[in-house]
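Trainee:
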Amino acid sequence: MSLHIIKPGLQTTIQDGGRPGNLRWGLARGGAADTFAMALGNLLLGNPASHPCLEVAVTGPEIEFTCDVSIAVTGARFDLTLNEQAIANDRVIAVRPGDRLRFGALKSGARAYIALAGHIGLPPILGSLSTHVIAGFGGLQGRPLQAGDRISLRQCRQESARQLPPAYRLDYSTRPLLRVVTGLEAQHFSDDTLARFYQGGFTVSPQSNRMGIRLAGEPLPVEGIPQQVSSALCPGTVQVPPNGLPIISFVEGQTIGGYPRIAHVISADLHRLGQLTASARLDFEVVDQHAAHRILAGKYRLLAELPSLL
């Protein structure tokens with residue numbers, strides 16, 4: 005029982021919840037770029053929220069199945085077909101041997117997730133199957149999937165037909181808003197500079213990747229900011245390098261850095277980074293720590309309540 009990759013797409017990888025707890029060893033968490041979308045697909049199939057799945061970035065694959073298995077596609081909106089028949093996101097889809105899943109045009113968002121009612125037959129590294137693209141390990145030989153790859157599936161099962169409730173169907177068609185808390189070196193920036201940052205005006209640079217989201221636009225002034233001692237970074241940290249164009253640390257980002265940290269994307273909004281497309285214009289909204297905790301608790305509560313609603 006396996007998946008056969010007919011066409012790989014731009015960057016299709018095996019991902020799960022990553023490898024948290026290893027920052028002190030210099031290893032980023034990695035894993036799914038949008039853990040919320042991944043969790044929705046897995047919970048729809050009765051899997052744990054961080055169960056290994058396929059992450060599809062920008063241009064999707066064509067996949068042939070050799071077993072009876074249920075799947076669910078969540079996250080970014082693509083034109084999807086199964087055996088040339090249109091299918092929809094956010095619902096359980098029964099797949100039979102010989103069926104072909106094809107991703108067409110991307111309509112909104114950047115990354116979709118193919119959740120599987122079965123187990124990917126690969127050995128975990130540090131407790132995870134996730135592909136660490138920058139470091140080149142995990143997943144299948146530490147790389148994005150290629151045409152001709154076959155991925156073993158075990159304990160495949162069929163799930164009953166169901167779909168996500170409307171409140172759980174993600175919308176990526178609106179202008180992205182990222183809520184942030186004040187960064188540890190924000191006091192080194194003038195009030196005018198901070199106001200410019202929070203007023204937006206930045207777009208996502210095409211040079212962005214799983215290591216960092218680079219922003220384009222009018223540079224922030226950095227003259228007079230004292231040199232920083234290298235300090236801890238984690239996903240969501242917003243640094244301002246000497247060119248004045250902020251960089252948001254992403255799932256495979258560095259674990260330390262020496263640029264001033266102007267802000268930090270709150271944990272509840274990190275999944276939104278995974279759906280940013282090149283040239284997308286961003287808005288930032290500053291919140292305090294209490295609000296950040298409250299918003300995150302709300303996200304956890306939504307996921308905890310989902311199984312009872314299916």
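Going by this note's numbering, the sequence shown opens with residue 5, and the numbers climb by one from there.
From the three backbone atoms N, C-alpha and C, an ideal C-beta is built for every residue, glycine too.
(1) Can you tell me where the alpha helix (DSSP H) with Gln19 in it begins and where it stops?
(2) If you drop the 5 nearest sequence neighbours on each side, which residues of the same chain put their C-beta closer than 6 Å to that of Glu189?
(3) Rounded to the nearest angstrom, how far is the Cβ of Ile251 from that of Val269, given a contact under 8 Å?
(4) For Val77, tell me which candidate among Leu224, Arg115 and Ser54 has the shortest Cα-Cα distance.
(5) Around the Cβ of Pro101, are there at least 16 other Cβ atoms within 10 angstroms (buried) or fewer (exposed)?
(6) Measure the alpha-carbon distance for Asn213 versus Phe254 and round it to whole angstroms.
(7) How many whole angstroms separate the CB atoms of Ser112 and Tyr176, which I take to be in contact at a CB cut-off of 8 Å?
(8) DSSP has Val73 in a bridge; who is on the other side?
(9) Do Val73 and Gln15 have their C-beta atoms closer together than 9 Å?
(10) Ignore the nearest five residues each way along the sequence and tell me which others in Gly64's own chain have a CB closer than 6 Å to its CB.
(11) Just list the residues that DSSP pairs Gly278 with in beta bridges.
(12) Assuming Ser156 is part of the beta strand (DSSP E), what are its boundary residues?
(13) Buried or exposed, going by whether 16 or more other CB atoms sit within 10 Å of the CB of Asn247?
(14) Report yes or no: do three or more beta-carbon pairs, one from the region 232 to 239 and one from the region 206 to 220, lie closer than 8 Å?
(15) Which word fits His294, buried or exposed, when buried means at least 16 other C-beta atoms lie within 10 angstroms of its C-beta?
(16) Note the first and the last residue of the continuous alpha helix (DSSP H) segment covering Asp273.
(17) By Cβ distance, which residues of its chain are closer than 8 Å to Pro223, with the 5 residues on each side in sequence left out?
(18) Count the other CB atoms, across all protein chains shown, that sit within 10 Å of the CB of Tyr304; report buried if there are 16 or more and exposed otherwise.
(19) Report yes if the CB atom of Thr197 is closer than 9 Å to the CB atom of Thr17, and no otherwise.
(20) In the DSSP output, what is Cys57 paired with across the bridge?
Mentor: With the structure as the only source:
(1) Unbroken run through Gln19 is the beta strand (DSSP E), Gln15 to Gln19; no alpha helix (DSSP H).
(2) Pro264 and Arg265
(3) Rounded, the Cβ-Cβ distance is 12 Å, inconsistent with contact.
(4) Arg115
(5) exposed
(6) 8 Å
(7) 4 Å
(8) Val99
(9) no
(10) Gly13, Phe82 and Phe107
(11) In DSSP, Gly278 forms no bridge with anything.
(12) Arg154 to Arg158
(13) exposed
(14) no
(15) exposed
(16) From DSSP, Asp273 is part of no alpha helix (DSSP H); its letter is neither H nor E.
(17) Asn247, Gly248 and Leu249
(18) exposed
(19) no
(20) Gln19
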